[in-house]
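Participant:
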Amino acid sequence: MVRLWWAAAACAVAICGCSEPPLLAETRDIELSGWESAESAVFHWDIQDTLQRHDVLLDVRHSQTYPYSNLYVFLTYRFPNGKSRVDTVECTLADERGRWRGSGFGDLVDQRFMLNQGVQFPLKGRYGLEVKHGMRQDPLPSVANIGLRLEAYQGVSRP
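First residue of the sequence shown? That's 3 in the working numbering, and the numbers climb one at a time after it.
Here it is in C-alpha cells:
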C-alpha cells in the first residue's frame with residue numbers, strides 16, 4: 003500500500019512538474035495617474051513552429067477601487083507580413099452583486115481572460131499585440147497593469 007502511494011505521488015509530481023513554460027509572460031505597468039486612452043500596452047513574440055497551438059491570455063490587475071464591473075479593451079494584432087487585425091473584448095471583472103471575480107492580495111485584484119484558445123499562428127516571424135482601453139472615462143483609474151501570456155494549448159476548455 004505504501005509503494006502504491008509513493009508511485010501515485012511520484013506520478014503526480016511528474017505530471018505537474020512537466021508543464022511547458024509559457025512562450026510569453028509579460029506585464030506592462032500603467033501610470034498611477036490613470037490609463038490614458040492614447041496609451042497602449044505593447045507585446046511582441048516570435049513564432050517558429052506554425053503547427054503548435056497556443057492559448058492567448060490577457061492578465062488584468064486592478065485595485066479594489068476600480069469604478070466599473072467590466073473593462074473594454076481594443077486589441078490590435080500585428081502579423082509578420084505587416085497585416086493587422088483589430089478586435090474589441092469585454093473583460094467582466096465583477097459578478098452581478100459587485101464581487102470581484104479574480105483573486106487578490108491587499109488592494110489588488112488579479113484576473114485572467116482567454117483571448118484565443120488553441121490558436122495556430124500561420125506565419126513564422128515576429129507578432130505583436132497592442133492593448134488600449136475602450137472605456138469612456140479618460141484617464142481610466144485604478145488599473146495597475148496589463149499582461150499577456152502565450153501558453154501551449156492543453157486541449158482543455160478554460161475560462
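Beta carbons: idealized from backbone N, C-alpha and C, even for Gly. Just so you know, these numbers come straight off a predicted model, no measurement behind them.
#1: Between Gln122 and Leu25, which are expected to be in contact by the criterion C-beta below 8 Å, what is the C-beta distance as a whole number of angstroms?
#2: Beta carbon of Ile49, beta carbon of Leu110: below 9 Å?
#3: Give the straight-line distance between the Cα atoms of Tyr129 and Val91, rounded to the nearest whole angstrom.
#4: Would a C-beta distance cut-off of 9 Å place Cys93 and Tyr74 closer than the cut-off?
#5: Looking only at DSSP bridge pairs, what is Ile148 linked to?
#6: Of the residues Glu132, Met116, Arg30 and Arg55, which one's Cα is nearest the Cα of Tyr79?
#7: Please check the pair Glu28 and Gly104, which I expect to be a contact at CB under 8 Å, by giving their CB distance rounded to whole angstroms.
#8: Compare the C-alpha of Asp140 against each of Gln113, Ser35 and Asp61 and name the closest.
#9: What are the boundary residues of the beta strand (DSSP E) that Arg114 is part of?
#10: Note down, in chain order, each residue of its chain lying with its Cβ closer than 7 Å to the Cβ of Leu152, except the 5 sequence neighbours on either side.
#11: Give me the Cα-Cα distance between Ser71 and Ala154, rounded to the nearest whole angstrom.
#12: Thinking C-beta only, is Phe81 closer than 9 Å to Asp89?
#13: Tell me the rounded alpha-carbon separation between Arg5 and Trp37.
#14: Within the continuous beta strand (DSSP E) that includes Asp89, where are the two ends?
#15: May I have the straight-line CA-CA distance separating Phe115 from Leu60, to the nearest angstrom?
Facilitator: This is what the structure gives:
#1: In fact, because the Cβ distance is near 13 Å, the residues do not count as touching under 8 Å.
#2: no
#3: The alpha-carbon atoms of Tyr129 and Val91 are separated by roughly 19 Å.
#4: yes
#5: Arg30 and Val62
#6: Glu132
#7: Wrong, their Cβ atoms sit about 19 Å apart, outside the cutoff.
#8: Ser35
#9: Leu110 to Gln122
#10: Cβ within range, chain order: Pro24, Leu25, Leu26, Trp47, His56 and Val58.
#11: 30 Å
#12: For the pair Asp89 and Phe81, the CB atoms are not nearer than the 9 Å cut-off.
#13: Because Arg5 carries a pLDDT of 44, less than 50, the predicted location of this residue cannot be relied on, and the following value inherits that uncertainty. Rounded to whole angstroms, Arg5 to Trp37 spans 56 Å at the Cα level.
#14: Ser86 to Thr94
#15: Phe115 and Leu60: Cα-Cα distance of roughly 5 Å.
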